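Asks: I'd like to ask you about the structure that follows.
Protein chains in written order, with my numbering: chain A, 23 to 442; chain B, 23 to 442; chain C, 23 to 442; chain D, 23 to 442.
Right under this line is the structure:
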């Protein structure tokens with residue numbers, strides 16, 4: 023097991039801050055040996071870890087972020103969710119990425135349940151009760167396939183027809199529901215952003231088996247096609263009109279994605295722990311180069327832990343505080359998240375690279391953990407939000423007071439907007 | 023004033039964690055404009071900011087880390103001390119470095135007062151009462167001048183004769199007492215480390231005016247000569263024999279120095295704030311290079327804040343906990359401190375460099391703040407403990423389980439040990 | 023085709039320095055489209071590019087570094103060999119790595135043919151005539167499998183018995199001969215280093231099909247087992263006794279490996295060219311982050327070209343000059359090679375990483391060139407000589423005047439030396 | 023003396039490529055001890071090295087780049103000029119920066135003499151004959167003081183009136199002539215760029231003594247005021263109209279400035295040599311951190327040498343070839359220059375920083391060479407052309423085929439253009 027879980031450690035993100043978080047960490051920690059045992063095979067074959075997710079379901083992990091009142095574990099802090107994902111990631115990052123889908127949905131649905139208008143509350147509650155009972159695995163489907171713009175069109179009866187193709191939908195092999203972000207063509211001049219909940223057995227839903235990633239190969243990150251699916255109006259979360267310039271949504275986008283930082287931190291942690299074990303196994307005085315690199319590996323890992331922990335703490339603080347300007351709250355949540363993301367995208371690969379250099383050519387074999395970690399860690403660059411260029415635009419605009427639309431979902435939708 | 027103090031900010035180390043810490047921050051924040059106003063002149067002339075320290079004395083700042091029972095402000099958290107030093111450093115790093123001397127003595131003397139044997143408690147209490155009353159400015163004098171080994175020799179009456187020359191003693195221009203780390207030649211085969219308290223008016227004490235630093239030019243970091251000074255036995259803190267391999271002392275070394283991280287963070291913060299102000303003052307769309315660099319500057323600054331804050335929180339946690347193995351406690355305090363130090367020594371200069379690149383040639387004038395910050399920030403490399411090579415040795419030894427003496431004071435003393 | 027071959031370019035290593043080098047570059051340039059076309063499939067399946075090597079044989083490429091007098095193309099400059107490998111590598115780095123084996127043997131055998139004692143000259147000439155005729159593909163087999171020490175034992179008739187297992191033997195699928203570096207147990211107290219030439223059809227030779235590399239998957243880099251193979255004495259190059267401290271051998275080690283720098287440069291070039299093409303294909307003003315990164319990608323690529331070109335020019339200069347101290351010549355050849363290797367191991371992966379960041383998530387698909395380049399480029403860290411730690415030891419020893427054995431083959435042999 | 027001049031070395035830019043270049047290097051090499059001896063004092067006091075420049079004049083160095091036919095040494099290769107500046111810079115970078123002014127003028131005036139229209143040829147010849155005779159020290163004055171736009175206005179008799187204030191004019195304390203880049207208000211709708219030659223004793227010329235640089239403190243880089251100076255028409259080089267989009271001028275801008283790369287390389291070289299000397303002077307095994315850093319310092323220095331040498335070779339090649347498209351020639355000269363400049367601005371400071379870390383706190387004293395080198399090296403960021411942001415714009419525009427005006431002199435003039 024990773025040394026970072028072995029009792030007292032210097033790593034900041036190793037200890038959850040709430041009892042619920044500690045319970046979750048205990049639950050997943052107990053499953054790490056089995057997760058680790060199948061990681062290499064699943065990676066090689068691109069196989070989704072079905073058995074692992076059955077254990078997650080049976081042990082209550084799949085309802086971790088569902089409120090206790092609705093049958094879940096009630097883990098509400100982003101910090102604790104990231105700590106659990108970190109632990110899973112040290113055993114297998116693909117598993118953590120798929121699990122993140124479920125955790126993320128619980129966190130955002132909880133917000134809907136607590137603060138949305140009544141219809142949305144009902145929708146959120148129903149879905150979460152199923153999650154808490156281990157019956158629902160809910161996948162976010164945010165990104166359109168390049169060939170498609172996902173739309174909701176009124177069916178004339180008050181319900182909707184959903185069409186489009188989504189890509190990069192993790193955990194889809196076991197997904198029971200999809201949150202398919204779409205442009206709703208309401209008849210108004212501007213489409214609205216909307217998030218219909220679509221059960222997998224809806225006629226017209228096809229889940230492909232087409233993930234061909236450089237890494238994260240067991241995460242089941244595939245395309246899902248919606249071919250004129252009927253969606254009852256009560257199953258649609260309606261958002262802003264495209265182009266609304268609403269920074270309040272940055273809060274939800276932060277909550278939805280920030281805990282992924284724990285996954286990439288877990289990869290770096292696993293690489294470091296593997297390398298330390300290799301070096302400790304060698305006889306004789308370690309050479310100068312190895313001593314120097316391992317010092318920097320550790321310092322960088324500590325820096326990453328601290329930075330991710332700080333961004334999570336910041337997000338938890340603002341997430342719990344609805345008293346002020348909601349636009350300002352959105353920006354204050356997104357800002358440190360993006361700082362931490364820039365840093366993790368630089369330091370996590372650097373740590374893995376240094377680990378390869380210290381470990382030597384054995385690390386280049388597909389059978390060595392580091393060769394998987396080297397591929398997995400690179401996915402971090404592509405975590406949404408934002409792309410590198412979008413992050414530069416957002417951060418510099420915030421600092422320099424430049425005007426721009428910060429809602430990347432809206433910007434994307436505007437680009438591909440069908441004329442109405 | 024620096025933007026980081028302007029209300030809510032994303033920077034983690036901008037808010038103290040105790041009421042005493044907030045009071046201290048308020049006290050120094052009120053003095054920042056005056057400190058900033060004289061920074062350039064003091065830097066150019068290498069002048070110590072006497073007036074600033076008079077205000078520090080009058081406002082109680084000089085007793086900040088003295089327990090309230092002894093007349094001080096009772097700031098006990100390293101976190102809060104570093105936050106105050108950060109604030110001062112955004113106005114002038116030299117002033118913060120000198121002030122650190124006093125804060126550091128209060129912190130370490132408080133430990134003596136609480137936990138040492140009775141004689142040392144009396145000594146610590148007396149000194150701190152004077153600090154709390156604004157009468158004592160106490161300088162640590164740890165490093166021997168290359169030409170000298172500082173020794174305590176018994177005078178035959180139970181007291182001691184101190185001889186030697188110390189270097190890099192900050193705040194010495196106004197120092198009323200010096201803690202002159204020395205090897206006590208007790209007659210035993212191995213000398214003991216000892217720390218005599220020497221009032222400035224002791225016959226034989228000479229404070230030179232010989233600071234010629236690349237930066238930190240107003241910090242009064244000079245040599246102090248002890249020429250056969252008489253030191254009563256009651257004024258000597260006695261430590262371990264040289265070579266004792268006592269990792270418990272790492273705790274005191276951490277407490278004594280870790281808050282300096284706030285100073286170098288403050289330099290990076292000041293450079294960033296200055297650069298943002300320059301960019302905001304320009305008309306037109308900022309160029310691509312500037313937008314990209316400012317994003318990285320901000321991300322690096324956030325990373326530094328988070329890392330320093332985490333190391334300080336770690337040190338505060340262990341500092342307050344005397345329940346376990348004291349050797350282990352020492353190592354656990356020093357480890358994250360050194361991680362953070364490696365990181366600050368890399369990122370703080372990187373931030374200042376990027377700020378120079380964005381600001382342009384005007385920043386290269388001696389009259390521009392950035393040219394001072396560029397020189398000041400480089401001092402961070404030389405903060406004790408440790409040197410770069412000693413840090414690599416310590417960190418890699420901890421991680422790889424290598425055997426070595428971690429007490430750099432003892433190692434130094436052993437190298438220059440006079441035969442007894 | 024890569025833009026770096028498209029007429030005048032700023033890239034230093036795009037133009038060979040001799041007519042023979044230009045002829046070789048023309049020959050391989052004509053084959054790049056076919057090499058590129060099969061690169062993705064060969065990578066996915068781990069298939070050796072047999073058809074490509076048949077074309078190499080038919081067109082004379084397999085005899086490129088054989089002197090014209092012996093039927094080859096007579097390319098003698100390391101610079102030109104590296105330029106050809108760079109070109110091949112822009113289409114497929116695995117192919118370039120396998121081809122390097124053959125080129126490297128021609129270069130080192132030419133030295134034997136010109137300067138060795140008569141028996142070795144005959145051996146080298148015979149082998150090179152076969153290479154020039156397209157009949158021989160000669161693999162160096164330098165590295166012992168961890169389970170084995172490769173030895174030559176006298177058979178009592180004046181010939182030898184070779185036993186051992188070699189690993190990381192590129193081009194082995196089509197190898198007709200193996201240069202199997204071994205310790206010759208001559209009966210003297212110290213074994214000698216020796217390099218027997220072993221035809222593939224020698225009884226006891228088994229070429230495995232066991233390459234499981236993270237990248238360079240089409241390079242046929244497998245293990246070769248020698249099970250009591252009979253080797254006539256005339257087929258053995260005899261070198262120094264183990265531990266001879268002979269820096270002259272650094273010349274041959276440089277010649278044998280330095281052209282591999284072209285391979286890793288080619289990977290970086292291919293990544294850059296792919297990324298520029300992607301960016302040029304997008305409409306609208308490129309975002310600030312992309313403009314900044316592409317500038318650094320280009321600057322880093324230029325820096326790598328210049329550095330590799332300089333190290334090759336240096337090696338060519340000393341390679342042609344046998345007039346001075348041969349130990350000094352060896353060190354002067356190895357030193358810039360190792361400087362360039364440290365730099366390429368840092369900058370080539372950095373370029374590929376930045377290309378991924380600019381290109382976006384499409385680059386993470388296994389079907390995208392960048393996902394192969396990301397895996398291939400990492401092999402550079404493990405090019406022999408040296409490992410990272412050995413490089414630090416060598417370079418710092420040279421600069422600081424420290425004493426050590428610089429012959430890594432001898433050091434390795436000494437570590438695993440069987441007692442005689 | 024710097025080790026890089028001590029016989030055979032691995033550093034590429036240590037050997038000039040022409041006999042004239044070698045003669046120049048020999049001339050300056052003989053003067054290095056005296057230059058080095060006064061460097062610290064001149065830096066501290068901000069004093070121009072008058073005596074050094076008298077020796078330069080007496081030994082012919084001031085005419086180094088003047089053709090032999092006109093009384094100079096006839097050094098025509100940028101490579102050789104940079105090699106000489108590098109040598110001077112290892113002793114004192116300020117001296118090299120001032121000397122660069124004179125070398126640069128010889129190079130650009132030679133082009134005018136050979137290729138301009140007859141009037142300009144006469145002007146160039148006359149000035150160069152004085153330079154060759156040691157009578158003229160000619161300063162380029164390119165940058166306007168922020169408070170001023172330098173203009174040439176017709177005086178009604180066919181001559182001109184020059185007014186304005188130039189800043190950052192190096193070598194001005196001994197300058198006999200100034201090339202004062204100005205906007206000539208010819209009466210046409212668009213002003214023309216022009217370069218009048220102004221003798222120092224022209225009424226209205228005032229050379230200030232106002233250099234307050236962080237480093238390069240002995241370079242005499244001051245402001246020069248032109249207060250309605252009369253300039254005969256024959257003394258004006260007339261260039262393009264502002265906004266002409268003439269990339270051919272990039273050639274002259276490259277020739278004028280690229281040899282400065284040698285200066286910043288010399289600073290890095292001096293830092294490295296000083297650090298190696300310090301390490302060699304210590305007893306005992308060097309620590310792991312120092313061994314690792316010195317290896318990277320050397321690899322980075324080699325990389326810089328190679329990169330700068332390649333950019334200079336490229337510039338020399340195109341500089342000598344006037345056969346093709348002059349716009350294309352300009353871009354091809356500027357491109358590698360800017361690649362090398364980005365790299366030197368990153369690696370030269372990195373080398374100096376690492377040298378400080380290895381050397382330890384003694385390096386932070388103003389009396390230590392490294393503390394001067396730390397300040398001097400930072401000037402590289404501000405070498406024209408280009409600023410960091412302008413370089414990103416130029417390089418990305420070249421690579422991505424974006425349209426923009428590459429003539430920074432023209433862009434600047436357009437920004438501050440007075441209406442005519």
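The beta carbon of each residue, even a glycine, is placed where N, CA and C say it ideally should be.
Values in this document were obtained by computation on a predicted structure and should not be read as measured data.
Kindly give me the distance between the Cβ atoms of residue 119 of chain B and residue 241 of chain B, rounded to whole angstroms, as I take these residues to be in contact under 8 Å.
Replies: Rounded, the Cβ-Cβ distance is 4 Å, consistent with contact.
Asks: Using the three-state DSSP reduction, which class does residue 164 of chain C fall into: helix, strand or coil?
Replies: In the three-state scheme derived from DSSP, where H, G and I count as helix and E and B as strand, residue 164 of chain C is classed as coil.
Asks: Listed from N- to C-terminal order along the chain, which residues in the stretch 304-338 of chain D have their beta-carbon within a distance smaller than 7 Å of any beta-carbon of chain A?
Replies: 310, 311, 313 and 314
Asks: Going by C-alpha to C-alpha distance, which of B:313, B:400, B:203 and B:115 sits closest to residue 219 of chain B?
Replies: Taking only the C-alpha atoms, the option nearest residue 219 of chain B is B:203.
Asks: Spell out whether any CB of chain D is found under 8 Å from the CB atom of residue 187 of chain B.
Replies: no
Asks: Give the straight-line distance between the Cα atoms of residue 433 of chain D and residue 165 of chain D, rounded to the nearest whole angstrom.
Replies: 12 Å
Asks: Please classify residue 492 of chain A as buried or exposed, where buried requires at least 16 neighbouring CB atoms within 10 angstroms.
Replies: With chain A represented from 23 up to 442, any question about residue 492 of chain A goes unanswered, as that position is not in the structure.
Asks: Among the residues of its own chain, which have a CB less than 6 Å from the CB of residue 180 of chain D, if the five just before and after it don't count?
Replies: 255
Asks: Distance check for residue 365 of chain C and residue 182 of chain A, CA to CA, integer angstroms please.
Replies: 58 Å
Asks: In the DSSP assignment, what are the bridge partners of residue 504 of chain D?
Replies: Lying before the first or after the last residue shown, residue 504 of chain D is absent from chain D, which here runs from 23 to 442.
Asks: Please classify residue 312 of chain D: is it buried, with 16 or more other beta-carbons within 10 angstroms of its beta-carbon, or exposed?
Replies: Per the 10 Å Cβ criterion, buried.
Asks: Leaving out the 5 sequence neighbours to the left and right, which residues in its chain are closer than 6 Å to residue 224 of chain A when beta-carbon positions are compared?
Replies: 251
Asks: Going by the beta-carbon positions, is the gap between residue 248 of chain D and residue 184 of chain D smaller than 8 Å?
Replies: yes
Asks: Under the rule that 16 or more other beta-carbon atoms within 10 Å means buried, what is residue 393 of chain D, buried or exposed?
Replies: Residue 393 of chain D is buried by the Cβ-count criterion.
Asks: Contact check, residue 359 of chain B vs residue 328 of chain B under 8 Å by CB: the rounded distance?
Replies: Incorrect: roughly 15 Å between the Cβ atoms, too far for contact.
Asks: Which residues in the same chain have their Cβ closer than 7 Å to the Cβ of residue 173 of chain B, if we skip the five residues on either side of it in sequence?
Replies: 185, 186, 204, 205, 207 and 440
Asks: Name the residue from B:243, B:378, B:343 and B:421 whose alpha carbon lies nearest to the alpha carbon of residue 308 of chain A.
Replies: B:421
Asks: Quick check on the DSSP output: what are the complete alpha helix (DSSP H) runs of length 4 or more inside the stretch 309-374 of chain D, in order along the chain?
Replies: 310-341
Asks: Just to confirm, is the Cβ distance from residue 405 of chain C to residue 272 of chain C under 8 Å?
Replies: The answer is no: Cβ separation not under 8 Å.
Asks: Pick from B:66, B:61, B:176 and B:107: whose alpha carbon is nearest that of residue 83 of chain B?
Replies: B:107
Asks: Which two residues bound the contiguous beta strand (DSSP E) that contains residue 132 of chain C?
Replies: Where residue 132 of chain C is concerned, there is no enclosing beta strand (DSSP E), although the alpha helix (DSSP H) it sits in stretches over 115-137.
Asks: From residue 188 of chain D to residue 163 of chain D, what does the alpha carbon distance come to, in whole angstroms?
Replies: Going from the Cα of residue 188 of chain D to the Cα of residue 163 of chain D covers about 6 Å.
Asks: With distances taken between CB atoms, is the gap from residue 395 of chain D to residue 293 of chain D smaller than 8 Å?
Replies: Going by C-beta atoms, residue 395 of chain D is nearer than 8 Å to residue 293 of chain D.
Asks: Can you tell me where the beta strand (DSSP E) holding residue 425 of chain C begins and where it ends?
Replies: Premise fails: residue 425 of chain C is in no beta strand (DSSP E) and is neither H nor E.
Asks: DSSP three-state label for residue 418 of chain B, please.
Replies: helix
Asks: Quick test of your reading: residue 63 of chain A and residue 116 of chain A, contact by CB under 8 Å. State the CB separation rounded to the nearest angstrom.
Replies: The Cβ separation is near 12 Å, so there is no contact.
Asks: State yes or no: is the beta carbon of residue 393 of chain B nearer than 8 Å to at least one beta carbon in chain D?
Replies: yes
Asks: Could you say if the stretch 332-350 of chain D and the stretch 92-106 of chain D meet the contact criterion of at least three C-beta pairs nearer than 8 Å?
Replies: Touching, yes.
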